[in-house]
Amino acid sequence: MTKRPRIADYMTRDLILLGPDLEILHAMKTLLEHRISGAPVVDAKERLIGVLSTKDCLRAALHGAYHQEWGGRVARYMTKDPVTLDADLDLVAAAERFLASEFRRFPVLRDGKLVGQVSRGDLLRALLEQW
Numbered sequence: 005m006t007k008r009p010r011i012a013d014y015m016t017r018d019l020i021l022l023g024p025d026l027e028i029l030h031a032m033k034t035l036l037e038h039r040i041s042g043a044p045v046v047d048a049k050e051r052l053i054g055v056l057s058t059k060d061c062l063r064a065a066l067h068g069a070y071h072q073e074w075g076g077r078v079a080r081y082m083t084k085d086p087v088t089l090d091a092d093l094d095l096v097a098a099a100e101r102f103l104a105s106e107f108r109r110f111p112v113l114r115d116g117k118l119v120g121q122v123s124r125g126d127l128l129r130a131l132l133e134q135w
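Okay, so the sequence shown: first residue is 5 according to this note's numbering, each after it adds one.
Right, here's the structure in full:
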């Protein structure tokens with residue numbers, strides 16, 4: 005029996021991680037410097053507690069512009085309780101999850117622990133490789 009490819013085989017493992025107490029302006033610069041559209045937010049034990057996306061950062065920037073109040077912590081603006089995928093999920097099921105959501109990337113967990121991230125691009129490359 006052929007083993008079905010899993011997202012763990014194609015996910016990004018080397019992640020830029022953010023902390024909830026990080027200053028939002030620093031987090032924005034980090035996303036821009038690394039040319040990424042979002043990053044997992046983890047606590048001191050590296051447990052996933054949120055995701056900060058460029059959309060969240062735009063929300064923070066608009067808040068600053070409207071209220072003349074710049075700054076704050078990542079925890080204030082991040083998306084809490086993010087939707088995740090299991091590392092053993094097969095590619096087809098992952099593609100279905102992407103199509104059913106607006107997200108560009110999902111954190112990937114194994115036994116509740118953050119082990120990577122998979123993007124639409126990662127998944128598309130994986131599916132093309134399988135054809």
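Using N, Cα and C, we set each Cβ at its ideal position, and we do this for glycine too.
With a cut-off of 8 angstroms on Cβ pairs, the region 110 to 123 is not in contact with the region 67 to 76, counting fewer than three such pairs.
Rounded to whole angstroms, the Cβ separation of residue 131 and residue 104 is 16 angstroms, and the two are not in contact under 8 angstroms. Annotation for residue 33: the continuous alpha helix (DSSP H) segment containing it runs 28 to 37.
Take residue 8, set aside five residues on each side of it, and the residues of its chain with a beta-carbon closer than 6 angstroms to its own are 94, in chain order. For residue 116, the three-state secondary structure derived from DSSP is coil. Using a Cβ distance threshold of 8 angstroms, residue 58 and residue 42 count as a contacting pair. Bridge pairing for residue 57: 42 [DSSP]. Cβ-Cβ distances below 8 angstroms link residue 31 to 22, 43, 56, 61, 78 in the same chain, with the five nearest sequence neighbours on each side left out; the list follows chain order. Residue 91 and residue 10 do touch by the CB rule: their CB atoms are close to 7 angstroms apart, below 8 angstroms. Counting other Cβ atoms within 10 Å of its Cβ, residue 121 reaches 16 or more and is therefore classed as buried.
The straight-line gap separating the alpha-carbon atoms of residue 82 and residue 24 is approximately 8 angstroms. For the pair residue 119 and residue 51, the CB atoms are not nearer than the 8 angstroms cut-off.
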